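K.L.:
Taking my numbering, the leading residue of the sequence shown gets 1426, the next gets one more, and so forth.
This is the structure I have questions about; it appears just below.
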Amino acid sequence: MEQPRRARFLPFLRDRRGAAAVEFAVILPVMLLFYLGTFEASQAIITKRKVTNAAETVGGIVARSSEMDATRMRNVLLISDAIIGSVDGDPPEITVTTVRTDAKGVATVDWSRRGTAEAAAKGTPYRLPDELAGLADAYFVLATVRYAYTPAFDFVGIFGTMEFERRFTFRPRKGTEIAWK
1426 MEQPRRARFL PFLRDRRGAA AVEFAVILPV MLLFYLGTFE ASQAIITKRK VTNAAETVGG
1486 IVARSSEMDA TRMRNVLLIS DAIIGSVDGD PPEITVTTVR TDAKGVATVD WSRRGTAEAA
1546 AKGTPYRLPD ELAGLADAYF VLATVRYAYT PAFDFVGIFG TMEFERRFTF RPRKGTEIAW
1606 K
């Protein structure tokens, strides 16, 4: 009785016509993972570059101004929106801070805006980046852009949310400071 049952399956074991389909079914998930991973990685790189461009442009525009106010800041933020363009999700957090150092190199905020709202009060102590610490009688414009990028195809939790932050520091181009009006 056992022999006839095995004999029924022998033709299937010798038949190689479906081998390509089986191999394709095994390889397809791996190939899709590589394809979607490459897509997500490229989107993350593009988004990071947009964050960098926005921070540099915002800081450069503010540094070229002799004074700023809420209307001008809104216009600068509109320019940054055009740079960042089609980034999905929450809008980026854009902060512009002007910092003054005294004769001893102690840094304090002159004015600071996160978007169009005040971020830090005038006179608040400010920790400068290490490369600027200790510079006396100086004035700086610091533009920071933060963005949380969430991948579209993160179905297995490989990437997760990525935090991008870029800061640029400028000196005023038209005078020694930038007044907030």
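The beta-carbon is built from N, C-alpha and C at its ideal position, and this holds for glycine as well.
Because the structure is a prediction, the values reported are computed rather than measured.
(1) Determine the extent of the alpha helix (DSSP H) in which VAL1476 is found, giving its start and end residues.
(2) Which residues share a DSSP beta bridge with PRO1576?
(3) What's the gap between the Cα of ALA1466 and the Cα of ILE1509?
(4) Apply the 10 Å Cβ neighbour rule to PHE1434 and answer buried if 16 or more other Cβ atoms are within range, or exposed otherwise.
(5) Could you give the DSSP three-state label for LEU1557: helix, strand or coil?
(6) DSSP puts ARG1596 in a beta bridge; with which residues?
(7) Would you check if there are 3 or more beta carbon pairs closer than 8 Å linking the region 1524 to 1541 to the region 1442 to 1451?
(8) Would you call the CB atoms of GLY1514 and THR1575 closer than 7 Å?
(9) State the CB to CB distance for the pair VAL1476 and PHE1589, rounded to an integer number of angstroms; the pair is presumed to be in contact (CB under 8 Å).
(10) Suppose you measure from the CA of GLU1518 to the CA of SER1490; what does that come to, to the nearest Å?
(11) Express the C-alpha separation of TYR1460 and PRO1554 in angstroms, rounding to a whole number.
(12) Could you give the C-beta distance for VAL1524 and THR1533, rounded to a whole number, given that I count them as a contact under 8 Å?
(13) Pick helix, strand or coil for PRO1516, following the three-state DSSP scheme.
(14) Name the two residues that bound the continuous alpha helix (DSSP H) containing SER1491.
(15) May I have the straight-line CA-CA distance separating PRO1436 from GLU1448, to the nearest angstrom?
(16) Take THR1482 and list the residues in its own chain whose beta-carbon comes closer than 8 Å to its own, dropping the five residues that flank it on each side.
(17) Should ILE1452 be labelled buried (16 or more other beta-carbon atoms within 10 Å of its own) or exposed?
(18) Could you check the C-alpha separation between ARG1499 and ALA1542 for me, to the nearest Å?
P.N.:
Well, looking at it:
(1) VAL1476 -> alpha helix (DSSP H) spans 1444 to 1488.
(2) For PRO1576, which the question treats as bridged, DSSP gives no partner whatsoever.
(3) Answer to the nearest angstrom: the Cα atoms are 17 Å apart.
(4) The residue in question, PHE1434, is exposed, as its Cβ has fewer than 16 Cβ neighbours within 10 Å.
(5) Correct three-state label for LEU1557: coil.
(6) None, per the DSSP bridge assignment.
(7) At 8 Å Cβ cutoff, the stretches do not touch.
(8) Yes, these two residues count as a Cβ contact at 7 Å.
(9) VAL1476 to PHE1589, Cβ: 5 Å. Contact.
(10) The alpha-carbon atoms of GLU1518 and SER1490 are separated by roughly 21 Å.
(11) Within the model, the alpha-carbon separation for PRO1554 versus TYR1460 is close to 39 Å.
(12) The Cβ separation is near 7 Å, so the contact holds.
(13) PRO1516 sits in coil when the DSSP states are folded into three classes, being neither helix nor strand.
(14) Looking at the DSSP string, SER1491 is not in any alpha helix (DSSP H), and its letter there is neither H nor E.
(15) In this structure, the alpha-carbon of PRO1436 lies about 20 Å from that of GLU1448.
(16) Closer than 8 Å at Cβ, skipping near neighbours: ILE1504, SER1505, ILE1508.
(17) Counting C-beta atoms within 10 angstroms of its own C-beta, ILE1452 has fewer than 16 neighbours from the protein chains shown and is therefore classed as exposed.
(18) The C-alpha of ALA1542 is placed about 10 Å away from the C-alpha of ARG1499.
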